[in-house]
Structure formats: C-alpha cells, structure tokens
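Data first, discussion second: the structure below is written as structure tokens.
Numbering (our numbering), first residue to last: 747 to 1124.
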C-alpha cells in the first residue's frame, strides 16, 4: 500500500521520531507518580520540571509562568474563564474568526456571567480592524482582548506584539490563542507585556493530549480543574508525564531547526501557490494565505473556481492518498461549514481546500497533489 501524503498539518502533525525516543523511557522505565516522595517519584517530578524550564527558556520567560494542561482548548478556557472569575473582567473584545475554543467559551461567559462581548470588524480577507480596537481601548475598563495569533483556517497573522503594547498602554488584559503558531514562531515573552498565550504539543510534532499556558506573573488565577496540588496548585490531576517530556523535546527541536524548517515549508507553500496560479485559471486564495509575508507559512487556503466536480475535490484527493481539509478540522465532520469562510462571504459555488505543510513534506508530494487537482480542473 503506497504511503499517504499528509497535507493537513494545521489539524495535527505527525509525532517526530526523536520526540518519541525522548518519551519512551517515561512510558516504560520511569513510571513513578510525580507526587510521590520516593526516588521513582522524584525522578519523574524532575523530568516535568526540566521540561518546564526548557519551555520557559525557549519562550523567554520564567518556569513559574508555565503551567501544563491537557490541550490548547483547556488552556484557552483557563485564560478566559479565570480572567472573568478572578481578575474582574466584564468585557471581552475578540473576533468572529477565532477558533471555537474561544467562540464557544465566549458564548458560555456571556450566558453564565453576563459578560459583554464585542467582535472586531474585518475586511473581505479577514484582516481585523485594529483602528476599531484602538477606539474600543480608549475607554476600556475591566476588559480583556482575545485575538488569535495565526488563523487555523486561512493563515492570517496578527501582530501580537503591537496589540500587546496597545492593550498594556490602556491597562487592558491580552490573551492570544497561539496554538497554530507555537513551534512555528519565535516568541520573546521577556520583552512583551502579553498576559496569556497557549501551546498544544500535537501542532509542532509532539504528542496529542498535552498543552500549556503562559500566565504573566502579575495575574493571579485560581485553578480551573480542582483536585491535588499539581502544577503548584493550579491544575489538579496526575500529570501527563511522557506527554510533557515529549512536548518540551518537540519545542526544543522546533526552535533549534526553526529557520531551516521555515524556509523548507515556505518553499513548498510558494511552489504550490505558483503552480496552481499557472495551471488552474480562476484559482484564488482565501484570507491573506496567498500573501507569503503576511500569513502563516504553514497554511495555504485555496479557493477553486466553480466546477461540476467541486464537491468531489476532497474525496478525489483522499482516494488518491492525499489528506487535506475543507476547513477547520474541528468542524469538518459537520454540515455547518467553516464559520471563517462564511464570515468572509466566500461564494458557495467555489470549492475551498486548506493545504497545510510540515517539515516532513516534499516537493514530490506537492507535485502529486497538483497532478491530482489537474485531473479535476485540467
């Protein structure tokens, strides 16, 4: 059976073999409960703290500001819910283009606590109106801004440093869902006033079921999950030991090889974009994913012209052994369509496919993908 071509890396990435090797000893040999005081417990507790120190060092912050979670969604929930419950937030400024981890949590906070929610306007490419944000910040009180760094569907990037500075100038909290950019962007938190960012290991070749949240030390939150004293009393429950070890190793590798991997992936994205423009008349790109300097280098969201077989594109690619997505993976199994593409008012007669790349993809894989698409549009 031929090996499949995986171009859905915005949904999840394959586990790096070197990450697996780092995890294996903590699956088989070092299995003590990190809360135990005996030698086996101390061994695994030390591994967790070493992972915390590594992640903190990479991000330019202190270990005391890194807390491990089960995923990015939990981390986002923690930032939003606890900002309301513990920091007195009564107004949240966000965007209709956020991941559902944000949007559904905002719905909950509005219903449960009566929180005022304001969505920023955006243009037809999904670029947010930051002048509107500036105006909202002028008279903001008890406010949190929550805007994602990199859009998981269309790849639009936010200048989070600029937004963080604006928020800090008005004494407004700022949370950014950085799930798509963690491991694909160099963060320098020691020089940023940002309050909360998050990470999910499986987005940068780490294991599933492991994430973290950065909480600026000035913000004192209570646990979202109650139980034991794990995570310095911030998250009850036995830690995902080998997941945490694997996540730290994956982020270390992402930083060590950042420029090399970025250039390789960007080259594949640019090549696919250029070939599609040359060979398929009427093709376009959703959001700013086609503008290489403005978008996340791992994502290209393609809008294909009207065609009788448009509804079969994903099926055709899948049959040919190519995995990609028609929208956000978290909604692709429903009939609701992409809320992001709907917000951009993409015409229904066009077919939209998100191609997202990793360091493991090759030019030959892109060539086969193009050839398969030409079977439909050629």
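We put the CB at the ideal spot given by N, CA and C, even for glycine.
Between residue 972 and residue 982, the C-beta gap is smaller than 8 Å, which places the two residues in contact. Two segments are said to touch when three or more pairs of C-beta atoms, one from each, lie closer than 8 Å; by this definition the segment 922-938 touches the segment 796-810. Sixteen is the threshold: since fewer than 16 other Cβ atoms of the shown chains lie within 10 Å of the Cβ of residue 1091, the residue is exposed. Between residue 992 and residue 768, the CB-CB gap stays under 8 Å.
Going by beta carbons, residue 1086 and residue 900 fall inside the 8 Å limit. For the pair residue 867 and residue 875, the CB atoms are nearer than the 8 Å cut-off.
Here DSSP, grouped into helix, strand and coil, assigns residue 754 to strand. For the pair of segments examined, the segment 1032-1049 was found to touch the segment 1096-1112: the number of CB pairs separated by less than 8 Å reaches three. Every unbroken stretch of the beta strand (DSSP E) spanning 3 or more residues and falling wholly within the segment 753-820 is given here in chain order: 812-815. When C-beta atoms of the segment 910-918 are compared with those of the segment 883-898, three or more pairs fall below 8 Å, so the two segments count as touching. The C-beta distance from residue 848 to residue 892 rounds to 6 Å, short enough to meet the 8 Å contact threshold. Shown here, residue 1047 sits in a strand according to DSSP, grouped into three states. For residue 1098, the secondary structure class from DSSP, reduced to helix, strand or coil, is strand. With contacts defined by Cβ atoms closer than 8 Å, residue 1059 and residue 1097 form a contacting pair. At a Cβ-Cβ threshold of 8 Å, residue 1122 and residue 1062 count as neighbours. When rounded, the separation of the alpha-carbon atoms in residue 811 and residue 1072 is 36 Å.
When the Cα atoms are used, residue 1118 and residue 1016 turn out to be separated by approximately 18 Å.
For the pair residue 989 and residue 953, the CB atoms are nearer than the 8 Å cut-off. Here the alpha carbon of residue 1113 sits roughly 42 Å from the alpha carbon of residue 813.
Between residue 781 and residue 976, the C-beta spacing is below 8 Å.
Setting aside the 5 residues that flank it on each side, residue 784 is surrounded in the same chain by 778, each with a C-beta closer than 8 Å to its C-beta; the list follows chain order.
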